[in-house]
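Notes follow once the structure below has been shown.
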Amino acid sequence: MNSSDKKTLILPKISQCQRNHAKEIVQKLETVNDKLKAKASHLVPPERT
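Just remember that our numbering sits 42 ahead of the position in the sequence shown, which is counted from 1.
Given below as structure tokens:
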């Protein structure tokens, strides 16, 4: 029982940190995706996509 109790105590802290970190990563990926889409729209003709 003790090991499972420790896990439940530790997990919320980790998940909160991971959520904050994930938000930053998602924002970076979204900006990169927007840039790639902008480039791709110029490089690739619409009929090929």
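Where is the CB? At the ideal position from N, CA and C, for every residue including glycine. Nothing here was measured: the structure is a model prediction, and the numbers come from that model.
C-alpha gap between residue i and residue j, whole angstroms
i: Lys65; j: Asp76; result: 16 Å
i: Gln60; j: Lys70; result: 15 Å
i: Glu72; j: Ala82; result: 15 Å
i: Gln74; j: His84; result: Going by the sequence as given, residue 74 is Val instead of Gln. Each residue's Cα considered, the two are about 16 Å apart.
i: His63; j: Ser57; result: 10 Å
i: Lys79; j: Val68; result: 16 Å
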